[in-house]
Amino acid sequence: MGIALICLGIEFFLFEVTDYTVYRVLDISARDILLLFFVFSLQFAFFKWVPTGFDALWKVVKTDRVPALLSTAIALLAGSILYHFLSFRQPVWFFLLLVAGLGGFSYLIHRITDKFFHKTISVLLLCAGFNASFVFWVHEETNKNKHIQYAQQLAERRDTLAENELVRLLAGVERHSIDEKDKDFWEKKWLNNPYLSSNYRLQIDTSTTDTTQSYHRPVLTFDENDTPVYKLYLSTNYSLSFKLRKDFRSSVYTAHYPYKEMERLNDYHFSVVDHGRVVLANSHDFDLNILDIPLPPVGTGAKIELNGFDVLAYHHSEDQFVLIGEPLSEVLVWVSNFSFFFSLFILAALLVQLLELLLFRKDLYIRWRKLSIDFRIQATLLSLTILLFFIIAITTLFFLRQNNREITYERQFYIAEAIRKAIVEDKVLFDWELTDFSIDRLSDLADRNKCDIDLYNARGALLLSSIATAGNSPAPTKVDQRVQEDIQKNPTAVIINTIEQNGASCLRSVFSISQDNRIEGFAAINVFASEVGTAQDIPIIMSKILSVYVFLLLIIWGIGLSIIGFLTKPLRLLANRLSQFKPGKINEKLDWEGEDAIGQLIGEYNKMVDVVEQTTKSLMQAERQGAWQIMAQQIAHEVNNPLTPLRLNVQYFTHILKQQQTPSPETVKRISDSLVEQVDHLSRVASQFKLFANMEAPETKPLELRKFMAQFILPYKSRQDYQFEFINNIDSDFDPTINIDSEHFRQVLTNLMTNAEHAIPEDQKGVILLHLKRQQDKIVLELEDNGKGMDAKTENNLFDPQFSTNSSLSGLGLPICQRIIEFYGGDLSFTTKLGLGTCFRIAFSIA
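Residue numbers for the sequence shown follow the numbering used here, so the first one is 431 and each next one is one higher.
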């Protein structure tokens, strides 16, 4: 449903609601920009949350498929309904491709980076690229149909719309009264017909036809320049001629109705060739070698490249063909649209983020200070670049407008002087007064200069205009009194004002018609401000500047990212080294050649490494001496304890021998068992002492845990008194490996298993579980029993060498296990619940 909304929104707003054109992206009204900004804000929010939506959808699918299938069915139904209302039907593969693209985008966003700034830039690039590509594709698809449609209409010399309007023009006029209708009547009827007044010029001619001529029906003829002219023969005395305006220029005084309803005709360059002559064209770009162009079969069209244009050559008949197309610049057009959309999306992103921050997060300054340094640097660089662009864009726009205003006024002066000269020459040549000028003469002069001309007498009253007589012309009936006074002070002056006409801005230039410094009348030229030729096409120039700055923005972002990465790399490395810094281990120093703040920081770190290394050696030596002292005292205590019963048993046995008595078998067994028990105790103390002593120089090598644990647990699996289970929670495609001496690790596990066995009451079925799992970058082995657990006193003293819960044990097992694990860079911890059991946890980093 979201995909359908996106397609519908883009197409509807860009091609149906707005006057957007892919060739002039900035030639758009403020209303249309606001509409696009609104749509793009919704799109940015949608694309921003698409990855989260895909993840949530995937989780729902994995956990419960019924809601997922129901939601999918609802989405498909809603999408189908929206698809039904699309005016430009995209094929099904387009939506499938779009779904795949969004899925790939979500995967990339989540897997490639987890930084907010990078994600935002990626979303902006995706949105702008998607819109630019989609809009250009729709534009090209639309153009294919438009080219054929317009070529067929241009090749057809008849204008059925004009014929229908001419019939409508005569509707309601009684035939017997036609001779009584004067020129003023028909001129008014023509001006009141929007289509005819927009595309045809009216002329009333004297009829020279005979009585066999068909009256009151439009007849298509052509003048000497092959321009279509419709004639209405009203009587034997006169006829009406409607001549096509070949330049398709709209008058400032009439509503503009497109020729043959070809609304986008001005967006294309075209030429119509009939019998080797160009009979209709709005451009001279195809004039060169136009007859040498290879043509497709009659009734078909073919795409060709001609003089830098992407042109459709339509072969209408044997002697007639049409060329219609646009500039061949697909890449530049796409870049221009991408830049415009990217700029709007930046503004949309800022708006969405600001609304999110203002509505849901109040501590903006605190959050800004907590952001990473690279994010703040990149945000600052991009903000300065955007600010710089707006400053340059505003100043460039100001100077371009100022320069265009000057050039426009100069050209208006030039046109005014040319028209004034032409009128004066006609007056002198034909000995005319201003009242002798005809509409046809004024219209020809207006067409050559692409403007409307109004002619006034010396008192400023309208005489006629290039469009109609004074009585019917919509032109102002009087020249403004202040303008007359200004011109009377300087007859050579040209007064230029901006007026509003038919909802558009127009330039009206008023000047005098004078001879021998005597003002005989006034003339005014009127032209749409948008049609005035200027030195610079501001929308095109600004769109090119926008493209340059958008790509400059992306380059700055890339370069800034590289520079920031280069500058922050030692800081990240320093943070990583500090996080891994451990006294007593080999801590590598960092290299930095500069003497800046980073170099000073790294220098202090290197000094700290030296100081800590020396201090650690001293502490380790002191600790080692203290450990040996504690161990010696503990060993002496542990050795001394069994010596007393050992001595007593030996003395007792010696006493029996002195009395030459024969001891009973029970006595011998009791004494021998006691002696063996005390010797075993001394042996265990010696083994633990040996293990402690060998910790100074261990032999380490990678240990494959899965294989080791399978061998270790094997002897325990055959025992009947306890239930031993080894549970491997690591995927089969990963082989966990740690760096530790295998005998030391076996000793640790043996001690932990022994402690677990002693923690289980004799009247209870013992269960000991070993779990092997992976947690992020660590391998964890958990040994869990269902024993009696430990109280608070036991927890606090568990790793004390002088503490033991079993009188038959020395208390050295767990402290030595902890020392072994920590010596190899691991961690030994435990959790316990009284009456439920204990779980020991051994964690190592993955080798």
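Ideal placement from N, C-alpha and C gives every residue a C-beta, glycine not left out.
On a predicted model such as this, the values are computed, not experimentally measured, just so you know.
Quiz prompt | Closest residue to F1156 among D1163, I994 and F1138 (Cα-Cα distance) | solution = F1138
Quiz prompt | Burial state of D653 (16 or more Cβ within 10 Å) | solution = exposed
Practice problem: Please confirm if the region 579 to 593 is in contact with the region 736 to 745, defined as three or more CB-CB distances below 8 Å between the two stretches. | Solution: yes
Practice problem: Measure the alpha-carbon distance for R1136 versus I1246 and round it to whole angstroms. | Solution: 24 Å
Practice problem: Determine the contact status of F1274 and I1168, defining contact as a CB-CB distance below 7 Å. | Solution: yes
Quiz prompt | Same chain, Cβ closer than 7 Å to T899, five either side skipped, listed in chain order | solution = D614, E617 and I869
Quiz item: Looking at the unbroken alpha helix (DSSP H) that takes in V1174, where does it start and where does it end?
Solution: For the record, residue 1174 in the displayed sequence is His; it is not Val. Looking at the DSSP string, the run of the alpha helix (DSSP H) that includes H1174 is S1172 to A1189.
Quiz item: Does the Cβ of F672 have 16 or more other Cβ atoms within 10 Å, making it buried, or fewer, making it exposed?
Solution: buried
Self-check item: Delimiting residues of the beta strand (DSSP E) encompassing E756
Solution: Q750 to P757
Quiz item: Between L1200, S1104 and L781, which lies nearest to K1147 when the distance is taken from Cα to Cα?
Solution: L1200
Quiz item: Using the beta-carbon count (16 or more within 10 Å), is P1191 buried or exposed?
Solution: exposed
Quiz prompt | Reference N1216; option with closest CA among I1209, M1183 and N1226 | solution = M1183
Self-check item: Proximity below 7 Å, CB of S766 to CB of V978
Solution: no
Exercise. Answer yes or no: do G778 and F477 have a C-beta to C-beta separation smaller than 7 Å?
Key: One point to set straight first is that residue 778 is Ala, not Gly, in the sequence displayed. No, they are not a contact pair.
Quiz item: Which term fits I943, buried or exposed, when burial requires 16 or more other beta carbons within 10 angstroms of its beta carbon?
Solution: buried
Quiz item: If you draw a straight line from the C-alpha of G1241 to the C-alpha of D1165, how long is it?
Solution: Note on G1241: pLDDT 45, under 50, position unreliable in the model; no value is reported.
Quiz item: In terms of residue numbering, what span does the alpha helix (DSSP H) encompassing F615 cover?
Solution: K613 to L621
Practice problem: Starting from the C-beta of S1237, find all residues in its chain whose C-beta is less than 8 Å away, skip the five residues before and the five after it, and write them out in chain order. | Solution: For S1237, the predicted structure reports a pLDDT of 44, less than 50, and the residue's modelled location is therefore unreliable. The matter cannot be settled from this model.
Quiz prompt | Collapsed DSSP secondary structure at L584 in the structure displayed | solution = helix
Exercise. Below 8 Å on the Cβ atoms is my guess for L875 versus I849; work out the distance and round it to an integer in Å.
Key: 6 Å
Self-check item: L983, buried or exposed, once every other Cβ within 10 Å from all chains shown has been counted against 16
Solution: buried
Practice problem: Within its chain, find whatever has a CB closer than 7 Å to the CB of S407; leave out the 5 residues flanking it on each side and keep chain order. | Solution: With the chain running from 431 to 1277 in the structure shown, residue 407 is simply not present.
Quiz item: Quick one: Cα of K549 to Cα of G990, how far?
Solution: 16 Å
Quiz item: To the nearest angstrom, how far is it from the Cα of S459 to the Cα of F981?
Solution: 25 Å
Self-check item: Outcome for E882 when other beta-carbon atoms lying within 10 angstroms are tallied against a minimum of 16
Solution: Sequence check: residue 882 is Asp here, not Glu. Answer is buried; the Cβ neighbour count reaches 16.
Practice problem: Tell me the start and end of each unbroken beta strand (DSSP E) in the region 660 to 723 that is at least 3 residues and wholly inside, in chain order. | Solution: 668 to 674, 699 to 704 and 707 to 711
Practice problem: Quick one: grab the DSSP three-state call for A1273. | Solution: strand
Quiz item: Do three or more CB pairs link the region 1207 to 1223 to the region 1255 to 1268 at distances below 8 Å?
Solution: yes
Quiz item: Would you report the Cα separation of A934 and A905, rounded to the nearest angstrom?
Solution: 15 Å
Practice problem: From the DSSP output, in three-state form, read off E1345 for me. | Solution: Look at the range of the chain in this structure, 431 to 1277, and you will see that residue 1345 is not part of it.
Quiz item: So V1133 packs on I1170, CB below 8 Å; how close in whole Å?
Solution: Checking the sequence, you will find Leu at residue 1133 rather than Val. Contact flag correct, Cβ pair sits at about 5 Å.
Practice problem: Mind checking who L1213 pairs with in its DSSP beta bridge? | Solution: L1200 and F1270
Practice problem: Using the Cα positions of T1097 and T1084, report the straight-line distance between them to the nearest angstrom. | Solution: 13 Å
Exercise. Compare the C-alpha of K588 against each of E1225, Y1152, G1255 and L650 and name the closest.
Key: Per the sequence presented here, residue 588 reads as Arg, with Lys not at that position. Nearest C-alpha to R588: L650.
Quiz prompt | Beta-carbon proximity list for D1257, same chain, < 6 Å, skipping 5 on both sides | solution = A1273
Practice problem: For my contact list, Q750 and D715 are in at a C-beta cut-off of 8 Å; report their separation, rounded to the angstrom. | Solution: About 20 Å separates the two Cβ atoms, so there is no contact after all.
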